[in-house]
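Accompanying notes for the structure given below.
Number of protein chains: 2
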Amino acid sequence: LNIGAAARAMANFGFSDLFVVKPYAPVWRETVSAVGAEKLVLEAKAVPSLEDAVRDCHLVLGTTTTRRRRLEKPVIRLPELFSSLRKRLKEKGKVALLFGPEKTGLSNRYLDRCHAFLTVPTDDACPSMNLSHAVAVCCYELSRQKRFGPKVPALEIPLARAGEVEQLTRHALEVFKAASYLDFLPEAERRRKIRRTFLHWRLRRRDLALLHGVFRYILRRLENET
Amino acid sequence: LNIGAAARAMANFGFSDLFVVKPYAPVWRETVSAVGAEKLVLEAKAVPSLEDAVRDCHLVLGTTTTRRRRLEKPVIRLPELFSSLRKRLKEKGKVALLFGPEKTGLSNRYLDRCHAFLTVPTDDACPSMNLSHAVAVCCYELSRQKRFGPKVPALEIPLARAGEVEQLTRHALEVFKAASYLDFLPEAERRRKIRRTFLHWRLRRRDLALLHGVFRYILRRLENET
Chain A
13 LNIGAAARAM ANFGFSDLFV VKPYAPVWRE TVSAVGAEKL VLEAKAVPSL
63 EDAVRDCHLV LGTTTTRRRR LEKPVIRLPE LFSSLRKRLK EKGKVALLFG
113 PEKTGLSNRY LDRCHAFLTV PTDDACPSMN LSHAVAVCCY ELSRQKRFGP
163 KVPALEIPLA RAGEVEQLTR HALEVFKAAS YLDFLPEAER RRKIRRTFLH
213 WRLRRRDLAL LHGVFRYILR RLENET
Chain B
13 LNIGAAARAM ANFGFSDLFV VKPYAPVWRE TVSAVGAEKL VLEAKAVPSL
63 EDAVRDCHLV LGTTTTRRRR LEKPVIRLPE LFSSLRKRLK EKGKVALLFG
113 PEKTGLSNRY LDRCHAFLTV PTDDACPSMN LSHAVAVCCY ELSRQKRFGP
163 KVPALEIPLA RAGEVEQLTR HALEVFKAAS YLDFLPEAER RRKIRRTFLH
213 WRLRRRDLAL LHGVFRYILR RLENET
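Just so you know, the protein sequences line up as chains A and B, in that order. At position 221 of the first sequence the residue is numbered 233 (our numbering), and the sequence of numbers has no breaks. At position 216 of the second sequence the residue is numbered 228 (our numbering), and the sequence of numbers has no breaks.
Have a look at this one:
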């Protein structure tokens with residue numbers, strides 16, 4: 013029900029790329045086969061992991077409440093989303109907005125993959141929004157600005173996409189392993205540290221080639237040493 | 013379901029005055045007694061007519077699509093709602109937003125009672141919004157401006173409220189009847205004409221006393237003639 017309602021809200025404001033990460037299979041089948049299902053639901057992609065969904069995005073924003081957790085990344089308030097995108101992207105780019113289950117929100121596993129967080133300012137007496145409403149106001153805000161806001165200045169430096177950042181993270185982790193660096197930390201924790209740093213850097217595409225080159229060089233050196 | 017969802021969206025953005033006009037009794041009982049019903053639903057007022065709902069409002073805006081009908085009143089686009097309110101109210105005042113059933117929208121009977129129309133700009137390929145989503149984006153837009161927008165300049169001239177305009181309409185209709193003016197029109201049509209004019213005038217409170225005085229005077233003269 014919620015996915016269908018969210019899809020309709022997206023369509024209302026002219027958005028079309030809907031990914032659903034690891035949907036519960038029976039519910040998903042029902043949603044897609046529902047009579048009168050939105051075109052957008054029929055075209056939605058069900059993917060096994062978030063990585064598959066955001067691979068070619070330049071900026072990944074996770075929606076979250078500012079109340080529950082200690083936030084270790086920048087938080088954008090929805091009314092400032094558009095001006096914030098202008099600052100962060102500086103060019104045309106693909107932006108992913110992530111929404112979590114209504115009851116629990118996005119888990120840390122997903123928030124880890126975000127460049128920044130997005131929050132809808134709500135009333136203290138009733139802060140928790142219906143999922144499809146959150147999708148509706150976010151899409152409305154973006155379409156509002158698209159139609160009424162200032163034009164986004166065009167491209168200068170191409171940014172790295174989420175999938176490329178993830179590749180770089182894996183490469184760096186190899187280097188860490190080969191060098192036994194931070195060995196005392198669990199692998200997942202090391203990966204998080206690396207990813208967080210790369211996401212924070214707002215890597216450009218040209219940085220990717222450079223860093224991959226550096227990592228390859230270090231790996232070769234380390235191999236020769238042993 | 014829709015009323016509960018709409019109420020929650022209102023509460024999310026700090027709004028609290030919910031009126032439900034002529035709800036279907038069994039559904040309404042169910043809504044109000046639902047487990048986990050929003051506080052706002054419990055406090056909502058079910059009223060027998062629109063007039064009861066908007067009596068003390070200075071400005072009544074009916075949400076509508078700009079596609080279906082010939083619109084004979086000003087149409088405000090949602091992103092311009094706040095600046096439009098500033099222009100129209102010029103003081104603190106109560107504004108009512110009217111939402112109709114999802115399938116049919118507001119009927120003409122209700123649109124007749126509005127000073128102006130409000131429309132949410134949606135995509136041509138999927139223009140029709142879920143009712144509670146429409147409520148959500150309208151409340152979001154207002155709260156967005158409340159928190160982020162310019163301050164509303166304070167009061168100058170008190171405007172008439174919807175209930176007062178309706179009284180004046182009734183009084184004028186009496187005059188029309190006594191003078192056999194526009195007798196060839198059905199009464200409902202005459203009432204619509206008068207109301208539309210008064211709503212268009214954006215009457216101030218001081219105009220009310222003046223016009224009631226004029227109407228009383230004419231009625232007395234007409235009585236003396238017969």
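Don't be surprised by glycine CBs; every beta carbon is placed ideally from N, CA and C.
Cβ-based neighbour list, residue i, same chain, cut-off 7 Å, excluding 5 preceding and 5 following
i                      : result
residue 78 of chain B  : 87 and 131
residue 234 of chain B : 190 and 191
residue 188 of chain B : 194 and 202
residue 229 of chain A : none
residue 206 of chain A : 181, 184 and 185
residue 210 of chain B : 177, 180 and 181
residue 147 of chain A : 18, 21, 22 and 111
Cβ distance (whole Å) where residue i is taken to contact residue j below 8 Å
i                      : j                      : result
residue 245 of chain A : residue 154 of chain A : Residue 245 of chain A lies beyond the range of chain A shown here (13 to 238); nothing can be said about it.
residue 44 of chain A  : residue 33 of chain A  : With 8 Å as the limit, residue 44 of chain A and residue 33 of chain A do not qualify as a contact, their Cβ atoms being about 15 Å apart.
residue 69 of chain B  : residue 106 of chain B : 5 Å
residue 128 of chain B : residue 66 of chain B  : Actually they are not in contact, since the Cβ atoms of residue 128 of chain B and residue 66 of chain B sit about 13 Å apart, beyond 8 Å.
residue 26 of chain B  : residue 195 of chain A : With 8 Å as the limit, residue 26 of chain B and residue 195 of chain A do not qualify as a contact, their Cβ atoms being about 51 Å apart.
residue 183 of chain B : residue 212 of chain B : Going by Cβ atoms, the distance from residue 183 of chain B to residue 212 of chain B rounds to 17 Å, so no, they are not a contact pair.
residue 114 of chain A : residue 14 of chain A  : 7 Å
residue 89 of chain B  : residue 133 of chain B : 6 Å
residue 214 of chain B : residue 100 of chain B : 7 Å
Cβ-based burial, residue i [other Cβ within 10 Å; buried from 16]
i                      : result
residue 149 of chain B : buried
residue 16 of chain B  : buried
residue 96 of chain A  : buried
residue 199 of chain B : exposed
residue 41 of chain A  : exposed
residue 71 of chain A  : buried
residue 75 of chain A  : buried
residue 38 of chain A  : exposed
residue 137 of chain B : exposed
residue 171 of chain A : buried
residue 221 of chain B : exposed
residue 50 of chain B  : buried
residue 120 of chain B : exposed
residue 118 of chain B : buried
Neighbourhood of residue i by C-beta, 8 Å cutoff - its chain only, sequence neighbours within 5 removed
i                      : result
residue 63 of chain B  : 125, 174, 175 and 178
residue 186 of chain A : 227 and 231
residue 59 of chain B  : 31, 32, 33, 34 and 65
residue 55 of chain B  : 28 and 30
Spatial neighbours of residue i in its chain, beta-carbon cut-off 6 Å, leaving aside the 5 residues before and after
i                      : result
residue 218 of chain B : none
residue 236 of chain A : none
residue 57 of chain B  : 31
residue 123 of chain A : 74
residue 204 of chain B : 124
Members of the region 131-145 of chain B that neighbour chain A once the beta carbon cut-off is set at 9 Å:
132, 133, 134, 135, 136, 137, 138, 139, 140, 141, 142, 144 and 145
Counting Cβ pairs closer than 8 Å, one from the region 16-28 of chain A and one from the region 133-149 of chain B, do we hit at least three?
yes
Which residues, in chain order, does the region 25-38 of chain B contribute to contact with chain A at a C-beta distance below 7 Å?
25 and 26
Looking at chain A, which residues of the region 172-200 of chain B have a Cβ within less than 8 Å of any of its Cβ atoms?
none
Can you list, in chain order, the residues of the region 99-119 of chain B whose Cβ is nearer than 9 Å to any Cβ on chain A?
none
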